[in-house]
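Numbering follows numbering that gives the first Met the number 0, in which position 108 of the sequence shown is assigned residue number 107; successive positions increment by one, without gaps.
Written out below as structure tokens is the structure these notes cover.
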Amino acid sequence: MPKLLKSSALVLILLSDVIVVIGQELETIYPLPSYADRRYKEVWKLEEWSDRDARAQDWSDVIKNIPLSNNKKIWASFGGQVRVRYMPTVNEEFLPQNSGLFTLRMRAHADIHFGENFRVFAEGIYSNTTKDNSERLGAGTPVTKGAFLNLFAEYKFDLYKQTDLGVWVGRRELQAGHERLLSPGNWLITRRTFDGAGFYIGNDNNKLTGFISKPVIPVPDGYTTRDQNTTFWGLRYESFDVAYNSHAGFGVPSWSSFSKTYFEPYFYGLHRQNAVYEEGVADENRYTVGFLLSGPIKRVFNYEVEAMYQFGTFGGKNISAYSITTEFGVSFPKIALQPHIWLRFDYSSGDQNKGDGTLNTFNPLFPQVAQFFGEHGAMDRKNLTSFSANVDFTAFKKVKTRLTYWNFMRSSLNDAVYNTSNGILRSGASSARDLGDSFQISTIISINRHWEICATYNLWEPGQYFWDTQAGKAHTQHFFMITTQFTF
């Protein structure tokens, strides 16, 4: 791995040189579209082709709108991203063991348009790490030979009154709502994607989308492979198109900044062979119905409610599970550092009685793994009750800091604690609900629209359940993360 470290250091040095030049150039000229978390959501086409060079802020804008035919009906945009991250953990999983994970991830894409209605989007990904931790699938699983993150064709039909019907087929990243159920997982070393087909009908203010797919899973030191044991499909409505940012840290939209109410009802189906729960291992056919409602109140307060119910079968048993999240916040935009204070309550059901013929453990499907319960990404939204208090600060419009406190408990005493890899983090008999208390501070420094740095420290004091289910002392876990990311 010394070769990987040297290569990563060289990449950062070169990027630093480029960034200095970029920062000195025309920073305030026409603000072209910001970078999206899913790069295929970006729209770079200009009405006047001659405007491109005049409105470009730097070299990266010049490669976003390139004509490929004389009549300029065929055109392309190119871009990419480089991310370097180091994540050391002291007393990992409350045991006297330490680990350090250094990762490198690179993405590059081409968005080729053939006229106004048809396009092909291709994006490659390469990732590597100094530690192949395949037990945390996705977190420490690199694709060292490279792979396609996105490779799909899309056609848009113009219907009427600014209403479009779009269809796509191929490999595509999927994202929805506040990413509690469906996310590319920007925190992961190899982002999550799906092979399948889908459609959307509507416009940016009202849209119905549907898809059927199979997840793509990373293979250590290889390419990627389609998960033949899992089929995932869904149908949802969104009241407007959410702008997901590409931040290396928080990674999800700031709901408090919404100027209007957002509503998203949905219905998902998951069919997975050999699913793992405390109840056992069996084939899972699970259906999720739910909604997300979020918005501002007089531009000072914000609220969010997401409720989900699941039913289906797990082997010969029935599934009956649910999860609910409530959030309420208040902003102080005219005070120094513009603090935003918000409280959140999360509840996801656990199995009540093992062997009673019903599985009550909630399944969060394909969520953002590190956003809601700590950047370590160790614990999943299964059999979990959490209360959190958060404060966001903004300084000089470029530095954002979030302070978070969590209290964790098991929802059911008869179920395990689950990790984010569809497995069990800790199991064992105990009458304790307490999983501990955690504190986190995370800061994002946006040097310019290309380069940002994110630093995180998380402390997790183990609760009585972890003391009861391991031999010896349950140690306080300390997690650190430093990330630098360059997007173009």
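Note that beta-carbon positions come from the ideal geometry of N, C-alpha and C, so glycine has one too.
- The bridge partners DSSP lists for E41 come to none.
- Each residue's CA atom was taken as its position, placing I124 and K144 some 9 Å apart.
- Cα atoms of Y243 and R37: separation of roughly 8 Å, rounded to the nearest angstrom.
- Following the DSSP letters along the chain, one finds W466 inside the alpha helix (DSSP H) bounded by residues Q463 to D467.
- In the three-state reduction of the DSSP assignment, F372 falls in the coil class.
- Distance from the CA of D436 to the CA of F386, rounded to the nearest whole angstrom, comes to 10 Å.
- The beta strand (DSSP E) runs lying completely inside the region 67 to 136 and spanning 3 residues or more are 73 to 89, 98 to 113 and 117 to 128, given in chain order.
- Here G195 is buried: its Cβ has 16 or more other Cβ atoms, across all protein chains shown, within 10 Å.
- Per the Cβ contact rule, the region 325 to 339 is not in contact with the region 363 to 373 (fewer than 3 Cβ pairs under 8 Å).
- In this structure, the CA atom of L458 is about 42 Å from the CA atom of N205.
- Inter-residue distance for I211 and F231 is about 6 Å (C-alpha atoms, whole angstroms).
- For V398, the closest of G356, E451 and L434 by C-alpha to C-alpha distance is E451.
- Counting C-beta pairs with one atom in each stretch, the region 269 to 280 and the region 354 to 364 have three or more that are closer than 8 Å, which means they touch.
- For N362 and Q469, the gap between their C-alpha atoms comes out near 25 Å.
- Spanning the alpha carbons of T260 and V241 requires a straight line of approximately 12 Å.
- Between D414 and Q351, the CB-CB gap stays under 9 Å.
- Our two residues, L94 and S430, have alpha carbons roughly 21 Å apart in a direct line.
- Our two residues, F407 and R271, have alpha carbons roughly 28 Å apart in a direct line.
- The DSSP-derived three-state label of A470 is coil.
- Residue state for S59 is assigned as helix, using DSSP reduced to three classes.
- In this structure E115 is exposed. Its beta-carbon is surrounded by fewer than 16 other beta-carbon atoms within 10 angstroms.
- For the region 334 to 410, the continuous beta strand (DSSP E) assignments of 3+ residues that do not extend past its boundaries occur at 339 to 347, 383 to 394 and 398 to 409, in sequence order.
- Given a length threshold of 4 residues, the region 185 to 219 has no whole run of the alpha helix (DSSP H) inside it.
- For R82, the CB contacts under 6 Å within the same chain, skipping 5 residues up- and downstream, are R104 and Q484 in chain order.
- DSSP places D282 within a strand segment (E or B) once states are collapsed to three.
- Annotation: T223 to W74 spans about 29 Å, alpha carbon to alpha carbon.
- F193 places its beta carbon 9 Å or farther from that of Y154.
- In the three-state DSSP reduction, R51 falls in the helix class (H, G or I).
- In the structure shown, the three-state DSSP call for I423 is strand.
- K155 carries a strand assignment under DSSP once its states are collapsed to helix, strand and coil.
- Looking at the DSSP output, T442 sits in a beta bridge with T400 and A454.
- Remark: C-beta atoms of S348 and N317 do not approach each other more closely than 9 Å.
- With a cutoff of 9 Å on beta-carbon distance, F365 and L158 are scored as not near each other.
- In this structure, Y456 keeps its C-beta atom at 9 Å or more from the C-beta atom of H474.
- For T419, the closest of T442, G376 and F438 by C-alpha to C-alpha distance is G376.
- In chain order, G268, F310 and G311 place their CB closer than 6 Å to the CB of Y286, counting only its own chain and leaving out the 5 sequence neighbours on each side.
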